[in-house]
Amino acid sequence: MLEYFNFRVIYEYLPLFLTGLKYTFIISLVSLGLALIVGIIASACRISGLKLLAYPVIAYIEVIRSTPLLVQIYFLYFGLPTLGIMVPEIQTGIIALMLNSGAYIAEIIRAGINSVDQGQIEAGLSSGLNYIQRMRFIILPQALGVTVPPLLGQAIVLVKDTALLSLISVMDLTRSGQTMTSERFMPAEAFLTVTFFYMCIYFCLKALADWSQRKLIFREVY
Amino acid sequence: MISFYFGRLVEIFPFFLQGLWMTTKIAFISLAVCTLIGFVLGMIRSSNNIWLKRLIGVYISFARGTPFVVQIFIVFFIFPEWGIQLEPFSAALLAMAIMGSAFICEIVASGIDSIPKGQHEAATSSGLTKFQQLRLVIIPQAMKVIVPPLVGQYVLLIKDTSVVSVIGVMDLTRVGWVTVMRIPEGLMVFALVGVLYFSISYPLILLSNYLEKKMAV
């Protein structure tokens, strides 16, 4: 299977793969950061108890969760120009990933906050803490611990999702594989190299997620 | 202008329904195949055979660690180099089966592992064979843990079928993509595509929420 594997071509195309890897990294980091902000705001609106804030957020989350990311990307990519908004592909992609991941992160954060025992909040109330103080000293420290492992899981999903941006011609890791395939017609070399890079990212994030999970269990025991 | 495009969109609506039918077909066939393979692999993964477990572990890492687009490209472009010719439709099904069964395998394995050891021991001491133990004692109990995340996974897999449009399968996403080339109204076209996807996934999301609540009680 691998006897015809052409390592020289891979070496020749290594700069291209590294450029792709760089873009995958940057897009992942930027959209993860933005998605966190969107997720925190959305979950805050949703648990605020104000219907005016909560209902639009619920609609947003449900729409995002029941349509494919690729359709959301195309919606922005083909839709924004018809509104007269011209944004480069890479920004369009980041906005799509931010909105998509933001909805999932909002759900993760909400689940984390809901997991804090009601008795803890009542104890805070009876100690005379106000809303902000209760959030800061009682709810958030406990909720964050529960939230970290699924957030890292979402980060893994996000890195894989950046691959879809290659379809709107963002020069990411997947796109570098496609480019090499079309220039040299060596799909095996191209996509197995791409797979190798994705696996490296995956194992790093997976190790981090497992470690945070173990640490969490450890803290609960003691 | 907008109403003109809207009229044309109504005109070609049957085309969208064809795409919806293709998406449903791919989703239905691949979900059935994924569930079948996923259950078999999940049972093996929760067994005691270390080498088989590790082999399945490698396969799961590949399926979970790489983007689905890359997996589709591997199936569609590399398999022919190794002498396996595939047309887009079967390549799509194969890629879906490879990816989906890995995720379902994980769900099934963790469901089986959640059953207390005592149940296994009781089944062994009743003289049941390994397969009978799983079929009669373990799986029926594990189903309660397996079904809610399984339905959630079905929603994700149905959404992932949109990616098969990249190898030219005429599914809902591809229909939207082709349409937008002729009718330059991206917002309208993909809103319509989104609504059609919503009509399949949302009932399943509600079902999964319901099952999760029912399980928690």
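Just so you know, the sequences run in chain order A and B.
Sequence positions in the first sequence follow this note's numbering and run 781 to 1002.
Sequence positions in the second sequence follow this note's numbering and run 12 to 228.
Glycine included, each C-beta is placed from N, C-alpha and C at the ideal position.
None of these values were measured; they are calculated from a predicted model.
Contact check for residue 977(A) and residue 797(A): beta-carbon distance about 7 Å, within the 8 Å limit, so the pair qualifies.
At a beta-carbon threshold of 8 Å, the residues of chain B lying near residue 947(A) are 80 and 177, ordered along the chain. Here residue 899(A) is exposed, its C-beta having fewer than 16 other C-beta atoms within 10 Å. In this structure, the straight-line span from the alpha carbon of residue 20(B) to that of residue 929(A) is close to 44 Å.
Among the residues of chain A, those whose CB is under 9 Å from the CB of residue 202(B) are 855 and 859, following chain order.
Close to residue 979(A), with beta-carbon spacing below 8 Å, are these residues of chain B in chain order: 72, 73, 76 and 77. In this structure, the alpha-carbon of residue 893(A) lies about 33 Å from that of residue 68(B). Under the three-state reduction of DSSP output, residue 98(B) falls in the coil class, being neither helix nor strand. In this structure, the alpha-carbon of residue 821(A) lies about 21 Å from that of residue 872(A). Following the DSSP letters along the chain, one finds residue 146(B) in no alpha helix (DSSP H), marked with neither H nor E. Following the DSSP letters along the chain, one finds residue 943(A) in no alpha helix (DSSP H), marked with neither H nor E.
Distance between residue 198(B) and residue 173(B), taken at the CA atoms: about 18 Å.
Proximity of residue 950(A) to chain B, defined by a Cβ-Cβ separation below 9 Å, is not satisfied. In the structure shown, residue 848(A) adopts coil according to DSSP, grouped into three states. DSSP, read as helix, strand or coil, puts residue 160(B) in helix. Cβ atoms of residue 182(B) and residue 85(B) stay farther apart than 8 Å, at about 19 Å. Residue range 794–827 is occupied by the alpha helix (DSSP H) that includes residue 800(A). The residues 83, 87, 99, 102 and 103, in chain order, have a CB closer than 7 Å to that of residue 178(B) in the same chain once the five nearest residues on each side in sequence are set aside. Chain-ordered listing is empty here: chain B has no CB closer than 9 Å to the CB of residue 835(A), the nearest sitting near 16 Å. DSSP places residue 54(B) inside the alpha helix (DSSP H), whose first and last residues are 24–56. For residue 960(A), the uninterrupted alpha helix (DSSP H) run begins and ends at 953–964, by DSSP. Short of 7 Å from the beta carbon of residue 911(A), and not among the five residues preceding or following it, lies no beta carbon of its own chain. One Cα belongs to residue 931(A), the other to residue 186(B), and the distance between them is close to 34 Å. Contact of residue 111(B) with chain A by beta-carbon distance below 9 Å is absent, the smallest such distance being about 15 Å. Against chain B, the CB of residue 917(A) has no partner CB under 9 Å away; the residue lies outside that interface. Classified as exposed, residue 813(A) has fewer than 16 neighbouring CB atoms from the shown chains inside 10 Å of its CB.
No Cβ of chain B is located within less than 9 Å of the beta carbon of residue 963(A).
Straight across, the Cα-Cα distance linking residue 935(A) with residue 827(A) is about 23 Å.
Going by beta carbons, residue 30(B) and residue 113(B) fall outside the 9 Å limit. With a beta-carbon spacing of about 39 Å, residue 140(B) and residue 975(A) fall beyond the 8 Å limit used to define contacts. Contact between residue 801(A) and residue 953(A) holds: their C-beta atoms lie close to 5 Å from each other, under 8 Å. Fewer than three pairs of CB atoms, one per stretch, sit closer than 8 Å, so the region 957–977 of chain A makes no contact with the region 905–922 of chain A. For residue 135(B), the enclosing alpha helix (DSSP H) starts and ends at 128–136. Residue contact check for residue 213(B) against chain A: a CB pair falls below 9 Å. Look at residue 796(A): its C-beta is not under 9 Å from any C-beta on chain B.
The C-beta distance from residue 64(B) to residue 56(B) rounds to 6 Å, short enough to fall under 8 Å.
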